[in-house]
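Respectively, the protein sequence lines represent chains A and B.
Per the working numbering, the very first residue in the first sequence carries number 10; after that it's consecutive.
Per the working numbering, the very first residue in the second sequence carries number 43; after that it's consecutive.
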Amino acid sequence: MNIALSDYLLVSAALFAIGLAGVVMRRNTLVIYMSLEMMLNASNLALAAFSKFNAALNGQILVFFIITVAAAEVAVGLAIIVALFRVRQTVSADEINLMKY
Amino acid sequence: MNLLFYIFSGLMLLCAALVVANRHPVTSAMLLILVFFFMAGLFVLLEAFFLAVIQVLVYAGAVMVLFLFVMMLLDIRSSQIRRQNAPAMLAGLSVGFAFWVEFWLILRHSALPVGAPMNFDAGIRPIGKLLFSEFVLPFEITSLLLLAALVGVVLLSQKETR
Numbered sequence: 010m011n012i013a014l015s016d017y018l019l020v021s022a023a024l025f026a027i028g029l030a031g032v033v034m035r036r037n038t039l040v041i042y043m044s045l046e047m048m049l050n051a052s053n054l055a056l057a058a059f060s061k062f063n064a065a066l067n068g069q070i071l072v073f074f075i076i077t078v079a080a081a082e083v084a085v086g087l088a089i090i091v092a093l094f095r096v097r098q099t100v101s102a103d104e105i106n107l108m109k110y
Numbered sequence: 043m044n045l046l047f048y049i050f051s052g053l054m055l056l057c058a059a060l061v062v063a064n065r066h067p068v069t070s071a072m073l074l075i076l077v078f079f080f081m082a083g084l085f086v087l088l089e090a091f092f093l094a095v096i097q098v099l100v101y102a103g104a105v106m107v108l109f110l111f112v113m114m115l116l117d118i119r120s121s122q123i124r125r126q127n128a129p130a131m132l133a134g135l136s137v138g139f140a141f142w143v144e145f146w147l148i149l150r151h152s153a154l155p156v157g158a159p160m161n162f163d164a165g166i167r168p169i170g171k172l173l174f175s176e177f178v179l180p181f182e183i184t185s186l187l188l189l190a191a192l193v194g195v196v197l198l199s200q201k202e203t204r
């Protein structure tokens with residue numbers, strides 16, 4: 010039996026679900042950020058699978074753009090985390106709960 | 043091929059679960075690198091060779107190095123690593139499980155293509171042609187986005203002088 014499209018989509022959904030659970034249950038902002046990266050990667054897997062099973066390259070192009078934007082987003086997000094750490098001396102999401110300090 | 047799919051996806055999901063479950067952020071980062079490598083393996087199985095290379099270069103290389111640098115910079119003491127609180131854990135697990143079950147139910151009732159088409163050329167050459175013809179505007183906008191991110195990061199990480 011060959012691997013079907015739904016198998017790839019199920020794996021992608023499982024990875025997304027793990028990332029979602031991580032975002033909800035972890036308190037460390039760095040780990041929350043890592044879980045977000047995992048969710049982005051899960052969507053990439055779904056797009057690449059659709060791309061192959063429809064024999065169209067557009068999905069892969071979209072994954073390329075997602076990876077580029079994710080790299081930029083990680084740089085900005087980590088800079089924000091460092092700036093927050095300078096002010097509050099913590100990376101716990103429980104203690105970073107004010108919009109203005 | 044089939045066996046490789048099960049190995050890659052199984053190990054990837056295991057590492058992903060350990061990323062979330064692990065208490066120490068540096069260990070989580072190392073496991074996340076493994077997740078990205080297994081994802082690159084899945085991309086190879088999907089004949090997306092270009093994406094596999096990009097995945098390893100950008101994610102496992104650049105992004106994770108950035109994560110580890112920031113962790114070294116922040117110097118999180120072990121006293122700050124606390125145990126999980128039970129309500130958040132329960133909420134996270136139930137939300138993730140509910141999402142997966144929902145997705146599974148949708149997949150079961152949808153008509154998806156079963157077999158992959160044979161004539162699919164996913165080399166770097168067709169991707170490059172597509173990127174510089176049909177998708178040239180988003181490609182250029184991406185460069186602007188990267189520039190904006192660069193300026194933003196420099197602005198965010200400079201010390202307050204006033």
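C-beta atoms are modelled at their ideal positions from N, C-alpha and C, and glycine is treated no differently.
For residue i, report the span of its alpha helix (DSSP H) as first-last.
{"i": "tyrosine 17(A)", "result": "14 to 34"}
{"i": "glutamine 69(A)", "result": "67 to 97"}
{"i": "phenylalanine 47(B)", "result": "44 to 63"}
{"i": "methionine 81(B)", "result": "67 to 87"}
{"i": "aspartate 40(A)", "result": "The amino acid occupying residue 40(A) in the given sequence is valine; aspartate does not appear at that position. Per DSSP, valine 40(A) belongs to the alpha helix (DSSP H) from 38 to 62."}
{"i": "leucine 145(A)", "result": "A question about residue 145(A) goes unanswered here, because the residues of chain A that appear run from 10 up to 110."}
{"i": "glutamate 176(B)", "result": "Run containing glutamate 176(B): none; DSSP gives neither H nor E here."}
{"i": "valine 143(B)", "result": "128 to 150"}
{"i": "valine 100(B)", "result": "Counting along the chain, valine 100(B) falls outside any alpha helix (DSSP H), and DSSP gives it neither H nor E."}
{"i": "valine 112(B)", "result": "106 to 116"}
{"i": "valine 95(B)", "result": "91 to 96"}
What residues from chain C crowd round residue i, counting only those whose CB sits closer than 8 Å?
{"i": "alanine 191(B)", "result": "The structure shown contains no chain C; its protein chains are A and B."}
I'd like to know if residue i contacts chain B, where contact means its C-beta is closer than 8 Å to some C-beta of that chain.
{"i": "methionine 43(A)", "result": "yes"}
{"i": "methionine 48(A)", "result": "no"}
{"i": "serine 60(A)", "result": "yes"}
{"i": "arginine 97(A)", "result": "no"}
{"i": "serine 52(A)", "result": "no"}
{"i": "isoleucine 5(A)", "result": "Here chain A comprises residues numbered 10 to 110, so residue 5(A) is not present and cannot be evaluated."}
Using only alpha-carbon positions, find the residue among the options that is nearest to residue i.
{"i": "glycine 194(B)", "options": "Ala88(A), Asp103(A), Val33(A), Thr99(A)", "result": "Ala88(A)"}
{"i": "serine 175(B)", "options": "Phe94(A), Ile70(A), Ala81(A), Ala92(A)", "result": "Ile70(A)"}
{"i": "arginine 167(B)", "options": "Val196(B), Phe91(B), Leu108(B), Phe50(B)", "result": "Phe91(B)"}
{"i": "isoleucine 169(B)", "options": "Ala51(A), Ala81(A), Phe73(A)", "result": "Phe73(A)"}
{"i": "valine 112(B)", "options": "Ala92(A), Ile76(A), Gly68(A), Ile75(A)", "result": "Ala92(A)"}
{"i": "leucine 108(B)", "options": "Asp103(A), Ser101(A), Met43(A)", "result": "Met43(A)"}
{"i": "glycine 31(A)", "options": "Asn106(A), Ala102(A), Leu107(A)", "result": "Ala102(A)"}
{"i": "methionine 48(A)", "options": "Ile12(A), Val100(A), Ile75(A), Ile90(A)", "result": "Ile75(A)"}
{"i": "glutamate 82(A)", "options": "Leu116(B), Met114(B), Val105(B)", "result": "Val105(B)"}
{"i": "serine 136(B)", "options": "Asn11(A), Leu24(A), Met34(A), Leu14(A)", "result": "Met34(A)"}
{"i": "tyrosine 101(B)", "options": "Asp117(B), Phe79(B), Leu115(B)", "result": "Phe79(B)"}
{"i": "arginine 65(B)", "options": "Glu46(A), Ile27(A), Leu29(A), Val40(A)", "result": "Val40(A)"}
{"i": "threonine 184(B)", "options": "Met108(A), Ala80(A), Asn11(A), Leu19(A)", "result": "Ala80(A)"}
Give the residues of chain A in contact with residue i, contact being defined as C-beta atoms less than 7 Å apart.
{"i": "phenylalanine 85(B)", "result": "Ala57"}
{"i": "serine 175(B)", "result": "Correct list: empty, because the minimum Cβ distance to chain A is about 11 Å."}
{"i": "threonine 69(B)", "result": "Ordered by position in chain A, no residue passes the 7 Å Cβ test against threonine 69(B), which lies about 10 Å from the chain."}
{"i": "isoleucine 96(B)", "result": "Phe73, Ile76"}
{"i": "glycine 138(B)", "result": "Ala26, Ile27, Leu29, Ala30"}
{"i": "glycine 194(B)", "result": "Val85"}
{"i": "alanine 77(B)", "result": "First, the residue type needs correcting, since residue 77(B) is valine and not alanine in the sequence shown. Here the neighbours are Met47."}
{"i": "leucine 149(B)", "result": "Ser15, Leu18, Leu19"}
For residue i, return the contacting residues in chain B, with the cut-off set at a CB-CB distance below 9 Å.
{"i": "methionine 108(A)", "result": "The premise fails here: methionine 108(A) is roughly 17 Å from chain B at the closest Cβ pair, so nothing lies under 9 Å."}
{"i": "isoleucine 75(A)", "result": "What isoleucine 75(A) touches in chain B: nothing, since even the nearest Cβ is about 10 Å away."}
Under 8 Å Cβ to Cβ from residue i, same chain only, skipping five residues before and after it: list those, please.
{"i": "phenylalanine 47(B)", "result": "Leu84, Leu87"}
{"i": "alanine 105(A)", "result": "A quick correction: the sequence has isoleucine, not alanine, at residue 105(A). Same-chain partners within the cutoff: Thr38, Leu93, Arg97, Thr99."}
{"i": "leucine 110(B)", "result": "Val68, Ala71"}
{"i": "leucine 53(B)", "result": "Leu76, Phe80"}
Would a check of beta-carbon distances place residue i closer than 8 Å to chain A?
{"i": "glycine 170(B)", "result": "no"}
{"i": "valine 178(B)", "result": "no"}
{"i": "glutamate 89(B)", "result": "yes"}
{"i": "leucine 188(B)", "result": "yes"}
{"i": "methionine 114(B)", "result": "no"}
{"i": "alanine 153(B)", "result": "no"}
{"i": "glycine 103(B)", "result": "no"}
{"i": "leucine 53(B)", "result": "no"}
{"i": "valine 107(B)", "result": "no"}
List the residues of chain A whose Cβ lies closer than 9 Å to the Cβ of residue i, in chain order.
{"i": "methionine 72(B)", "result": "Within 9 Å Cβ-Cβ: nothing; methionine 72(B) doesn't reach chain A, min ~11 Å."}
{"i": "leucine 135(B)", "result": "Ala30, Val33, Met34"}
Report all residues from its chain with a CB closer than 6 Å to the CB of residue i; omit the five preceding and five following residues, and keep chain order.
{"i": "serine 21(A)", "result": "Ala51, Leu54, Ala55"}
{"i": "alanine 133(B)", "result": "none"}
Show which residues of chain A have a CB atom less than 8 Å away from the CB atom of residue i.
{"i": "alanine 164(B)", "result": "Ser60, Lys61, Leu66, Gln69"}
The ligand ADP and residue i: does any heavy atom of the ligand fall closer than 7 Å to the residue's C-beta?
{"i": "methionine 72(B)", "result": "The ligand ADP is absent from the structure shown, which contains no ligands of any kind."}
Return the chain-ordered list of same chain residues with a C-beta closer than 7 Å to the C-beta of residue i, the five sequence neighbours on each side being excluded.
{"i": "serine 152(B)", "result": "none"}
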